[in-house]
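Inspection log for the structure reproduced underneath, given as structure tokens.
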Amino acid sequence: MIELINVYKIYKVGAYEVPALKGINLRIEKGEFVAIIGPSGSGKSTLLYLIGCLDKPTKGSVIIDGQNTSTLNEKQLTELRRDKIGFIFQQYYLIPTLTALENVELPMVFKGIPKVERIERAEELLEMVGLGSKKDRKPNELSGGEQQRVAIARALANNPSILLCDEPTGNLDTKSGRIVMDIIKRLNVEKEVTVVLVTHDLSLKVYADRVVNIRDGVIYAD
Amino acid sequence: MLIELALRNLSRIKVRSILALIGIVIGVMAISSIGIFGESLKNVVLENFKDIANEIIVTPDYTHGYTSIDKRTLEKLERIPYADVIPIKSDSALVSYKDKKTYLTVYGINEKDVKMFELEKGSYKGCLVGSNVAEYLKLRIGSKIEIKGRKFRVGGILKQEARFDINPNFAVILPVKEFDDIFNKKNEYSMVIIKVKSLNDIERVKDYVKKVINRKESKVSVFEMKLIIDRINNIFNKMTLFFMAIAGVSLLVAGISILNIMLMSTMERIKEIGLMRAIGAYRETILKLFLLEALILGLIGSLIGGALSFLGGYAIDMLILKSAKYVFQPTSLLYVFLGISFGIVTALISALYPAWKASRLEPIQALRYE
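Going down the list, the sequences are from chains A and B. So for the first sequence, numbering that gives the first Met the number 0 puts the first residue at 0; every next one is plus one. So for the second sequence, numbering that gives the first Met the number 0 puts the first residue at 0; every next one is plus one.
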């Protein structure tokens with residue numbers, strides 16, 4: 000479960016203060032598929048990064064599975080991201096020097112999982128996203144859709160309960176985008192992974208159980 | 000996996016990595032080669048003294064009014080079981096040959112002991128002259144020199160030699176009996192050389208002299224040749240270190256180039272670093288990754304540099320000392336190890352700042368960096 004209580008995020012740009020989020024209250028239940036939709040600059044990505052513990056709120060609390068993240072130190076936040084949260088970004092962010100398999104292994108390397116177990120799980124995940132035969136390819140030898148599927152496999156490596164997706168189809172053609180979204184939806188349905196999806200693409204609404212509209216740092220429709 | 004990642008990151012910027020590697024190789028090679036050369040130089044100098052390390056020189060204690068060592072003292076010294084005792088008499092006299100004459104030191108040394116000098120020509124029989132004396136007076140084997148009205152046949156000419164106990168080059172050495180005949184110093188010795196069998200016995204001899212001979216008053220002073228060798232050792236070691244420090248500047252430059260490529264890597268890989276932090280890498284993991292990359296560069300560069308430094312040492316030795324016999328010896332290895340460890344440490348130190356900087360990146364800022 001994810002809970003945001005009166006969350007503010009204010010960026011300092013030189014002498015100016017730019018508010019990105021202004022008093023967000025949001026509760027996402029386990030297993031929900033929530034689409035956060037808003038135009039660019041609405042604060043939707045900021046909201047996602049706060050949930051993902053990549054950033055800290057200026058005011059208010061972000062509570063993940065009953066744990067108030069503002070009470071955690073840097074190391075505990077890192078562990079929370081590693082063990083409970085999977086990220087999927089618009090630009091995939093795969094490590095270019097590593098193969099698909101090794102990219103999927105990486106979160107498990109950080110967790111200290113033994114090599115044999117790591118490889119077995121990574122192969123299983125790549126199989127699941129339909130890339131079992133391309134596991135030894137480097138990212139530049141894969142198409143955009145395939146890279147994003149590797150990124151999904153990587154996001155699932157440590158069995159997270161929450162999957163955070165930042166415009167996952169933003170760089171993909173319609174067909175690849177659909178494949179990626181189908182995989183995400185399937186994970187949500189079959190494995191009860193909580194999915195928070197941030198997008199400005201209204202066509203993705205159909206995948207969500209719930210749509211949250213955000214504009215100028217406030218939620219105006221839920 | 001981290002090692003694998005580090006290796007691939009290095010091969011990603013192959014040219015830069017190789018340039019940095021070459022820097023380390025040159026730096027380590029410079030340091031170690033000069034270390035090897037310094038050690039060789041020291042050994043060449045010490046070669047002249049290798050026979051005297053175990054010598055103790057006993058002289059009369061002039062500060063207490065003694066101008067010679069008497070027979071009783073000598074007998075006491077001769078009683079030391081673990082040492083050879085060489086009594087030496089000396090005086091100076093006008094020595095002439097044909098129309099040339101000069102004042103020289105004349106030594107009276109037992110025939111069995113003169114073998115401590117090396118012969119250039121002739122034999123140890125009769126009167127021996129130093130090489131400078133032979134040259135100045137134009138002496139040959141068989142020449143008859145005159146000392147205090149008596150004629151002596153030159154039996155041998157000594158090799159040019161640098162010694163600290165006795166300088167044979169400007170001296171005439173006579174058998175003790177002949178010496179006594181002309182100088183009338185029957186039981187007076189100007190010096191006693193004690194050669195111990197083991198260097199550990201030097202302290203025992205000093206102790207013996209203090210307790211037995213100098214018990215009532217200080218009759219003799221004792222000087223161990225080892226002191227000179229220790230000092231030469233010391234000076235040369237310092238000199239070698241000084242030259243190595245100068246060579247170390249090249250390693251410093253190599254270090255700066257590592258700093259440079261690591262800083263560039265940090266900026267180029269900023270999104271990767273952000274990503275790794277986002278998916279669960281600790282700050283320390285990022286720090287480790289960058290240090291690992293530097294360590295690999297340092298290790299490879301230093302090992303190559305260390306191996307090549309034998310070549311460098313060989314070249315410098317041949318160039319300056321005209322001999323490479325001291326290049327491959329255990330102490331050279333010490334300098335090679337020193338160079339290698341400096342190389343590795345330099346690489347690590349240079350990477351500290353970039354690694355720290357990379358590890359301090361906030362994941363969100365790194366990911367959003369444009």
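Glycine included, each C-beta is placed from N, C-alpha and C at the ideal position.
With a cutoff of 8 Å on beta-carbon distance, glutamate 117(B) and lysine 158(B) are scored as near each other. Secondary structure at asparagine 47(B): coil, using DSSP grouped into helix, strand and coil. The alpha-carbon of lysine 215(B) is positioned some 19 Å away from that of isoleucine 79(B).
At a cut-off of 3 residues, not a single continuous stretch assigned as beta strand (DSSP E) sits fully inside the stretch 268–351 of chain B. By the C-beta density criterion, alanine 346(B) is buried, having at least 16 other C-beta atoms within 10 angstroms.
Unbroken beta strand (DSSP E) runs of no fewer than 3 residues, entirely contained in the stretch 73–131 of chain B, are found at 82–96, 99–108, 118–121 and 126–128, following chain order. For tyrosine 91(A), the three-state secondary structure derived from DSSP is coil. For serine 60(A), the uninterrupted beta strand (DSSP E) segment begins and ends at 58–63. Annotation: glutamine 75(A) to leucine 49(A) spans about 15 Å, alpha carbon to alpha carbon. Out of Gly141(B), Gly297(B), Phe36(B) and Arg152(B), the CA that lies nearest to the CA of leucine 240(B) is found in Phe36(B). Just measuring C-alpha positions, the residue of Ser132(A), Arg209(A), Asp82(A) and Leu124(A) sitting nearest glycine 279(B) is Asp82(A).
Assignment of beta-bridge partners to aspartate 172(A) by DSSP yields no partner. When the alpha-carbon of isoleucine 231(B) is set against those of Lys97(B), Lys13(B) and Leu45(B), the nearest one is in Leu45(B).
Taking 8 Å as the CB threshold, glutamate 191(A) stays off the interface with chain B.
When the beta-carbon positions are compared, alanine 99(A) and leucine 124(A) stay at least 8 Å from each other. If you ignore the 5 residues before and after isoleucine 87(A), its C-beta comes within less than 8 Å of the C-beta of Gln147, Ala150, Ile151, Ala154, Leu162, Leu163, Cys164, Asp165, Pro167 and Ile183, all in its own chain and listed in chain order.
If only complete runs of 3 or more residues are kept, the stretch 35–60 of chain A shows no beta strand (DSSP E) anywhere.
Taking C-alpha positions only, aspartate 69(B) is separated from glutamate 187(B) by approximately 5 Å.
Counting every other CB atom within 10 Å of its CB across the protein chains shown gives phenylalanine 327(B) a total below 16, marking it as exposed. The beta-carbon distance between glycine 297(B) and isoleucine 343(B), rounded to whole angstroms, is 4 Å. This is short enough to meet the 8 Å contact definition. In the same chain as glutamate 16(A), and ignoring 5 residues on each side of it, the C-beta atoms closer than 8 Å to its own belong to Ile9 and Tyr10, in chain order. Between the stretch 55–75 of chain B and the stretch 187–205 of chain B, the count of Cβ pairs shorter than 8 Å is three or higher; the stretches touch. Residues of the same chain with a CB within less than 8 Å of the CB of isoleucine 339(B), apart from the 5 flanking positions on each side, are Val27, Ser31, Ser301, Leu302, Gly304 and Gly305 in chain order.
Within chain A, the residues placing a beta-carbon under 8 Å from that of threonine 284(B) are Phe109, ordered along the chain. Segment contact: the stretch 12–21 of chain B against the stretch 99–117 of chain A, fewer than three CB-CB distances shorter than 8 Å; contact not assigned. Residue-level contact check: lysine 270(B) touches chain A, since one or more beta carbons of chain A fall below 8 Å from its beta carbon.
Three or more Cβ pairs closer than 8 Å define a contact, and the stretch 169–178 of chain B meets that threshold against the stretch 105–116 of chain B. Going by DSSP, tyrosine 7(A) is part of the beta strand (DSSP E) stretching over 1–12.
The beta carbon of asparagine 259(B) does not come within 8 Å of any beta carbon belonging to chain A, so the residue lies off that interface. Taking every protein chain shown into account, the CB of glutamate 292(B) has 16 or more other CB atoms within 10 angstroms, so this residue is buried.
Tyrosine 92(A) is classed as buried because its beta carbon has at least 16 other beta carbons within 10 Å across all chains shown. Taking every protein chain shown into account, the CB of alanine 365(B) has 16 or more other CB atoms within 10 angstroms, so this residue is buried.
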